[in-house]
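Notes to accompany the following structure.
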Amino acid sequence: MCSASKEGLDLAKGFRKKHGLGNDPIADITDFMQLVDADFMILDLPANVDALALRDPVTRATVIGIAQSSVPYRQRFTVAHEIGHFISDDFESSRIVADDECPEPGIYVCGKRDHQEVRADTFARNVLCPTDGLKKDQKLGDLIGGGDVLAALSHVVRKYQISPGVALIQMRHADLISEKQSDELKGVSAPTLAARYGWKADYDRAVKVSALAQPAARLVKDVYRAYEQGIVDLPSIAFAEMSSVDEVKEQISASQSQLQPLMHDVNAQDQDVADTEANPFAELDAFFGDGPDSSESTQ
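Residue numbering for the sequence shown follows UniProt numbering, beginning at 1 and increasing consecutively.
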């Protein structure tokens, strides 16, 4: 039986090969999320919950929620970690628990460094920062050859948009630094590297983006299609877009002069909105079927 780390590494290599990623950095996390058949959204989650996932037992549709964060590179790692779970079919074996650490029923608590977690972490590290890419990076080699390991670490963190801790592990696995050098740099933060090496503006932009809510693009598209078919109303769109009904009405009204008008007359729906705004889930259930099962996971 393969070790969890070997499985995670093989999954990452296979994923990069399948999607033609080569050894290049994954620049846009949104594009990365769209490489798998799941709906990702970034939203406000309870404290200490980095992610949760729900899977419909009938359609097998999967929605993965990622927490808004002020630590962008951790958020990227969480996305990659959840993709690792998804492509490994870990959600199939998830179970519902409620314990002292996470007392709310219906939230699945990931195992404490069990096989699935180690595999997902290894996948995340290697899909975000392939060691082959590090070995072929001439600038990185020059920095390490010149003895400036801190600058080398900054280069890797910035290029691959990963935390220094993850970068050190990958640099060590690529045999670019020694265990002693890695230990000496533990505790160095991305903001510190960004400030010291002149890329603070890039990091600050990443912080702002990671703190924003982001709806699931495919889910929004499906809800608009359902709206055009008269299956759901404005509150359902607002729920999917993480916006207000008024914002949706303004958006639809503005688009009608440019796009083919939607079936519904926005102004004629005010009464329907009042009736359904309190429970948009009912209409979504009508379109997508019964609600998803409770196979949720948190990281």
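In this text, a Cβ means the ideal position worked out from N, Cα and C, and glycines have one as well.
Here R16 has G22, N23, V127, P130 as same chain residues with Cβ atoms under 8 Å from its own Cβ, once five neighbours each way along the sequence are excluded.
For A211, the closest of R119, I42, T30 by C-alpha to C-alpha distance is I42. In the displayed model, G141 falls within a helix according to three-state DSSP. Contact holds between the stretch 176-184 and the stretch 143-150, because three or more Cβ pairs, one in each stretch, are under 8 Å apart.
Between D39 and V63, the beta carbon gap of about 5 Å places them in contact (Cβ cut-off 8 Å). Bounds of the alpha helix (DSSP H) holding A217 are 217-228. A contact is defined here as three or more CB-CB pairs under 8 Å, and the stretch 185-199 fails this definition with respect to the stretch 227-239.
Counting the other CB atoms within 10 Å of its CB gives P235 a total of 16 or more, which places it among the buried residues.
As the crow flies, the alpha-carbon of H173 is around 15 Å from that of L185. Excluding residues up to 5 positions away in sequence, nothing lies with its Cβ nearer than 6 Å to the Cβ of D222 in the same chain. Under the DSSP definition of a beta bridge, I42 partners with I66, Q214. Taking a C-beta distance under 8 Å as the contact criterion, L193 and L140 do not qualify as a contact pair.
Residue range 51-55 is occupied by the beta strand (DSSP E) that includes A51, with no alpha helix (DSSP H) assigned at that position. Residue burial annotation: E7 is buried, with at least 16 other C-beta atoms found within 10 angstroms of its C-beta. Here the alpha carbons of A195 and D202 stand approximately 10 Å from one another.
Under the 10 Å beta carbon count, T78 is surrounded by 16 or more other beta carbons and is classified as buried. For H81, the enclosing alpha helix (DSSP H) starts and ends at 72-87.
Listed in chain order, the beta strand (DSSP E) runs fully inside the stretch 144-214 amount to none, counting runs of at least 3 residues. For D31, the enclosing alpha helix (DSSP H) covers residues 29-33.
Inclusion of V220 and E241 in the CB contact set at 8 Å is warranted, their separation being smaller than that value. Excluding five sequence positions before and after R158, the CB atoms of its chain that fall closer than 6 Å to its own CB belong to W199, given in chain order. Exclusion of the five residues before and after R125 leaves V166, I169, Q170 as the residues of its chain whose Cβ lies within less than 7 Å of its Cβ.
Cα atoms of A61 and L35: separation of roughly 15 Å, rounded to the nearest angstrom. Of all alpha-carbon atoms in Q256, R225, A226, A216, the one lying nearest the alpha-carbon of S243 is that of A216. The beta carbon of P25 sits closer than 6 Å to those of K159, Y160, all from its chain and outside the five residues before and after it, given in chain order. Burial state of Q138 is exposed, judged by a 10 Å Cβ sphere holding fewer than 16 other Cβ atoms.
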